[in-house]
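Student: Chains as they are written, first to last, in the working numbering: chain A, 4 to 98; chain B, 320 to 840.
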Amino acid sequence: MSVDLKTVKRVAHLARIAVSEDDAQRMTGELNAILGFVEQLNEVDVSGVEPMTSVTPMEMKKRVDAVTDGNKAADIVANAPATDENFFLVPKVVE
Amino acid sequence: MTDLTRLTIAEAREKLRGKEITASELTEAYVSAIEQANPTFNAYVATTPDKARDMAKASDTRLARGEGGALEGIPLGIKDLFATEGVHTQACSHVLDGFEPRYESTVTANLWADGAVMLGKLNMDEFAMGSSNETSYYGPVVNPWRRSRVQTTVKPTFHDGGSGFVQPGGVEESRSYDNMQLVPGGSSGGSAAAVSAFLCAGATATDTGGSIRQPAAFTGTVGIKPTYGRVSRWGTVAFASSLDQAGPIARDVRDAAILLKSMASVDAKDTTSVDLPVPDYEAAIGKSVKGMKIGIPREYRVDGMPDDIEALWQKGIAWLKDAGAEIVDISLPHTKYALPAYYIVAPAEASSNLARYDGVRYGLRVPGKDIIEMYENTRAAGFGREVKRRIMIGTYVLSAGYYDAYYLQAQKVRTLIKRDFEQAFAAGVDVILTPATPSAAFGIADQDMAADPVKMYLNDIFTVTVNMAGLPGIAVPAGLDGHGLPLGLQLIGRPFDEETLFQTANVIEQAAGRFQPEKWW
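Following this line, the structure appears as structure tokens:
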């Protein structure tokens, strides 16, 4: 399978990355090179093979349903580019 | 006085405990070495000399009371991927511009609890995506090793007829060094270069497809990627969560064992951290490999592999045989599919992990006319080319209609890759010996690599299988190539059997000797 310019632009939008026409052109070539490389996986007979979900067989750890953390609003917003009184500020999303 | 930066961790530990040196003296030696040499290597992207001095002073107090921890007073460099409270943590990406976490990663917290001293944050490929450290926002790192040629000069015998003085002739050998700058490998390029150039006693690193072992091989250092789940991932910037694992890069096998013991832990904050006590890895060093079964996988003999690599592999086989190990040929038939499967699984996980960089909660924000455009502009300006490429691949293979063809197929192939190893171990193989990399270090801005992303990806051909199967792997320096550059061998072990890796790697190290670059900086 290979991708065309239109698909690259659609994927870039899904990934929330702005691309110029030149970027999209270049990426089309690069992505097709990588997709060409991974194509060989189709040779492998995987009938009856389970997809890997966990590399080490282990039981999922569960923790006690208890509050162990909190009251760190100032720490949480400390690195944000725009804040107001411990809220993150974003451009207006509702008209 | 001898140069304190030349001491291994084990040697420094001895001298600190014996009060021959102080932690402050040791730290000061590294601080001035970094000040002098970092402009040459670009190994550190942030240094913390004041913090280092404070930590060393506290270590000296504890040492004086006889309360020193396992790494008391040992100065370390930390890969920029580990969250360090109040200190530069950006995964060498522009998107995390100015990020200083309010928390400490489990790995670094473990090191500080054992008394280690932080020298600063080390350069790396952006978000650990790369094999040459060239994708870093902070620019490439220079390998302390340089290519060299041996020149032989034949000198005739000199007779001075008058005085009867005779100077005997002979053959003189000298090395002339090439000035071309080489990469230290990646993604942990800063870690490997700093350890190799004596700018830290040891370093933390991470490995998703070979990012500890390949740079270790390129710089003549020792690097181990532990079994998945051995080291907590909490507070380590995520790349591909099912593959990422932290480990040390060190000057020798013993130092790597000392560091891993402190880095590893059972951590309730990481659900994939395994509930197994951390063994005393150092105790494995010096043990014989007599009677051990060493597997040699035939699929690791790849087309176009340089003769130097093949010769090194044969030397490794001979050393282990001489030490009493039994050599057996094995087959890992799905080896060639590990790299293509990796280039589906890793980007898919990365595209999901990196969705959090949205210009809202931390780091860079580039405005736009609405929130979507703000996201798109921020991510376009914040991520470098390689990171964008991988996010795009990941987004594509996970998108509607393609999931089964790509991601599901890759995860099935991954099951088969792991099964290959399980079958070899079930047949009695204790450890598998392979080359660590398909070549020695290459030049910065190598044209072939720059033109074709797949060519760069091939650097990980021998290491990536180990991540796909979640196994432990160690790279140990084993020789020099025709240009005088270090080459490494890789040992792959059973899950959670890092001890056998240290034991076997030490036998190789004893036979091969240690490799250090000639100081030119």
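For each residue, glycine too, the CB sits at the ideal point set by N, CA and C.
B:Glu828: which of B:Lys655, B:Gly798 and B:Leu400 sits nearest, CA to CA?
Tutor: Looking at the Cα atoms, B:Gly798 is the closest of the given residues.
Student: With DSSP collapsed to three states, give me the class of B:Gly605.
Tutor: DSSP places B:Gly605 in coil when its eight states are reduced to three.
Student: Enumerate in chain order the residues of its own chain whose CB-to-CB distance from B:Val460 is below 7 Å, with the five nearest sequence positions on each side excluded.
Tutor: Cβ neighbours of B:Val460 beyond the five flanking positions: Phe360, Asn361, Ala362, Asn442, Asn452, Pro503, Gly508, Gly509 and Ala512.
Student: In chain B, which residues lie with their C-beta within 7 Å of the C-beta of A:Leu44?
Tutor: Tyr656, Pro659, Ala660, Gln728, Ala729 and Val732
Student: Taking the continuous alpha helix (DSSP H) assigned at B:Pro394, which residues delimit it?
Tutor: Where B:Pro394 is concerned, there is no enclosing alpha helix (DSSP H), although the beta strand (DSSP E) it sits in stretches over Pro394 to Lys398.
Student: Listed in chain order, which residues of the segment 814-836 of chain B have Cβ atoms closer than 8 Å to some Cβ of chain A?
Tutor: Of all residues in the segment 814-836 of chain B, the ones placed with a Cβ closer than 8 Å to any Cβ belonging to chain A are Pro814, in chain order.
Student: Mind reading off the beta-carbon distance from B:Pro598 to B:Ser515? Whole number of angstroms is fine, and I expect it under 8 Å.
Tutor: Contact doesn't hold; Cβ gap of about 28 Å is too wide.
Student: Grab the span of the beta strand (DSSP E) containing B:Gly483 for me, first residue to last.
Tutor: No beta strand (DSSP E) contains B:Gly483, which DSSP labels as neither H nor E.
Student: Would a check of beta-carbon distances place A:Val58 closer than 9 Å to chain B?
Tutor: yes
Student: Mind checking which residues open and close the alpha helix (DSSP H) that includes B:Ile636?
Tutor: Asp626 to Asp641
Student: Any contact of the segment 378-394 of chain B with the segment 334-344 of chain B, i.e. 3+ C-beta pairs under 8 Å?
Tutor: yes
Student: At 9 Å on the CB atoms, spell out the chain A contacts of B:Leu684, in chain order.
Tutor: The sequence given here has Arg at residue 684 of chain B, not Leu. Going along chain A in sequence order, the residues near B:Arg684 (Cβ under 9 Å) are Ala83, Pro84 and Ala85.
Student: Identify the continuous beta strand (DSSP E) that holds B:Ser424 and give its terminal residues.
Tutor: Per DSSP, B:Ser424 belongs to no beta strand (DSSP E) and is neither H nor E.
Student: Looking only at its own chain, which residues have a Cβ that is under 8 Å from the Cβ of B:Ala410, when we skip the five neighbours before and after it?
Tutor: By the criterion of a C-beta distance shorter than 8 Å, B:Ala410 is surrounded in its chain by Asp399, Leu400, Met443, Glu445, Phe446, Ala447 and Val556, once the five residues flanking it on both sides are discounted.
Student: Since A:Leu17 meets chain B, which of its residues come closer than 8 Å, beta carbon to beta carbon?
Tutor: Thr714 and Ser718
Student: Output the distance between the C-alpha atoms of B:Asp689 and A:Glu98, rounded to the nearest integer angstrom.
Tutor: In this model, B:Asp689 and A:Glu98 are separated by some 11 Å (Cα to Cα).
Student: Go ahead and label A:Ser50 buried or exposed: buried means 16 or more other beta carbons lie within 10 angstroms of its beta carbon, across all protein chains shown.
Tutor: exposed
Student: Less than 9 Å between CB atoms is the rule here; does B:Asn696 satisfy it with respect to chain A?
Tutor: True, the Cβ-Cβ gap to chain A drops below 9 Å.
Student: Short of 8 Å in beta carbon distance, which residues of its chain neighbour B:Tyr456, apart from the five on each side in sequence? Order them along the chain.
Tutor: Here the set comprises Gln409, Cys411, Ser412, His413, Glu445 and Gly703.
Student: Starting from the Cα of B:Ile636, find the closest Cα among B:Val608, B:Arg573 and B:Glu330 and give me that residue.
Tutor: B:Val608
Student: Does chain A have any CB closer than 9 Å to the CB of B:Lys544?
Tutor: no
Student: Whose C-beta lies closer than 6 Å to the C-beta of B:Gly812 among residues of the same chain, with five residues either side of it excluded?
Tutor: Val750, Pro791, Thr819 and Leu820
Student: Can you check whether the CB of B:Ala760 is closer than 9 Å to the CB of B:Thr476?
Tutor: no
Student: Looking at A:Lys65: is its Cβ nearer than 9 Å to the Cβ of B:Asp594?
Tutor: Against a cut-off of 9 Å, the Cβ pair of B:Asp594 and A:Lys65 comes out as no contact.
Student: Is there at least one Cβ from chain B nearer than 9 Å to A:Glu53's Cβ?
Tutor: At least one CB atom of chain B sits nearer than 9 Å to the CB of A:Glu53.
Student: Please confirm whether B:Phe360 has its beta-carbon closer than 9 Å to some beta-carbon of chain A.
Tutor: B:Phe360 does not count as touching chain A.
Student: Using the DSSP secondary-structure output, state which residues sit across from B:Ile793 in a beta bridge.
Tutor: B:Ile543 and B:Leu810
Student: Give the single residue among B:Leu683, B:Gly488 and B:Gly801 whose Cα lies nearest to the Cα of B:Gly701.
Tutor: B:Leu683
Student: List the whole-angstrom C-beta distance separating A:Asn82 from B:Tyr681, where the pair is believed to meet the contact cut-off of C-beta under 8 Å.
Tutor: 4 Å
Student: Any C-beta of chain B within less than 7 Å: which residues of the segment 60-71 of chain A qualify?
Tutor: Met61, Met63, Lys64 and Arg66
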